[in-house]
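Numbering (my numbering), first residue to last: -14 to 209.
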């Protein structure tokens, strides 16, 4: 059985936002169960069958999910998996609901919701629901970025991401790069010292077995 992006999106439409602050566990238990069943079957289908998907799981309480195949890497676009698609849809509905209660230009607010919630595409906001195992609770809320790496700004779904967005700026990656560079330099320096020690030892051995003048020349050539 083959699932299309359209079918998966349609299957995730039975979501009712129960609050203006979105969290995927807001949806009712019946919908969560159906969503998890679809998530697992989609993984199994992508892997080639249930026996080929040992890491197909979905927690009906937390909606943490994962997919791992026996003989391949799952090649289904992340934004099309049932749980992430439903997460995007719910966030968009919360965004629209908040537009209706906020002051200001509602039309512009609605357009912004559409621009930041291009669900079932690589422009959709990243869903932080994927986990390593069925018992791990997802992060749920993370930086507002799309799957293609673009920053999306405020998703207007009631979740405060200001600090999370700030933590993804270039200064963090620059610090990480500097640390990696320093570590690499130290390793390179240590490696050079070890090479010199080894070469000096070889030179000393030659020095003992050859004439003084010849050994000194060989040692100088090897070290420098």
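The C-beta atom is built at its ideal place from N, Cα and C for all residues, glycine as well.
These figures come from a predicted structure and were not determined experimentally.
For residue i, which of helix, strand or coil comes out of DSSP?
| i | result |
| --- | --- |
| residue 136 | strand |
| residue 67 | helix |
| residue 201 | With a pLDDT of 35 at residue 201, under the threshold of 50, the predicted position of this residue should be treated as unreliable, though the coordinate-derived value follows. In this structure, residue 201 counts as helix in the three-state DSSP scheme. |
| residue 87 | coil |
| residue 35 | helix |
| residue 43 | strand |
| residue 76 | helix |
| residue 51 | strand |
| residue 81 | helix |
| residue 112 | coil |
| residue 211 | Lying before the first or after the last residue shown, residue 211 is absent from the chain, which here runs from -14 to 209. |
Whose C-beta lies closer than 8 Å to the C-beta of residue i among residues of the same chain, with five residues either side of it excluded?
| i | result |
| --- | --- |
| residue 104 | -6, 64, 70, 73, 74, 77 |
| residue 36 | 55 |
| residue 110 | 73, 76, 101, 102, 129, 130, 131, 137, 140 |
| residue 133 | 107, 108 |
| residue 146 | 126, 127, 128, 129, 139, 140 |
Here's a check: name, in chain order, each residue in its chain whose Cβ is nearer than 6 Å to the Cβ of residue i, leaving out the five neighbours to either side.
| i | result |
| --- | --- |
| residue 32 | 38, 54 |
| residue 29 | 35, 38, 41 |
| residue 81 | 98 |
| residue 112 | 69, 72 |
Quick check: what's the CA-CA separation for residue i versus residue j?
| i | j | result |
| --- | --- | --- |
| residue 22 | residue 127 | 25 Å |
| residue 94 | residue 34 | 44 Å |
| residue 5 | residue 92 | 18 Å |
| residue 89 | residue 98 | 14 Å |
| residue 17 | residue 45 | 6 Å |
| residue 84 | residue 67 | 26 Å |
| residue 124 | residue 108 | 20 Å |
| residue 117 | residue 9 | 18 Å |
| residue 61 | residue 27 | 9 Å |
| residue 148 | residue 86 | 25 Å |
| residue 58 | residue 25 | 15 Å |
| residue 211 | residue 43 | Because the chain here runs from -14 to 209, residue 211 falls outside it and cannot be looked at. |
| residue 135 | residue 52 | 25 Å |
Who are the near neighbours of residue i in its chain, counting only those whose CB is closer than 7 Å to its CB and skipping five residues on each side?
| i | result |
| --- | --- |
| residue 106 | 64 |
| residue 7 | 75, 76, 79, 142, 143, 144 |
| residue 121 | 49 |
| residue 47 | 10, 122, 123 |
Could you round the C-beta distance between residue i and residue j to whole angstroms and report it? I think they count as a contact, below 8 Å.
| i | j | result |
| --- | --- | --- |
| residue 49 | residue 119 | 7 Å |
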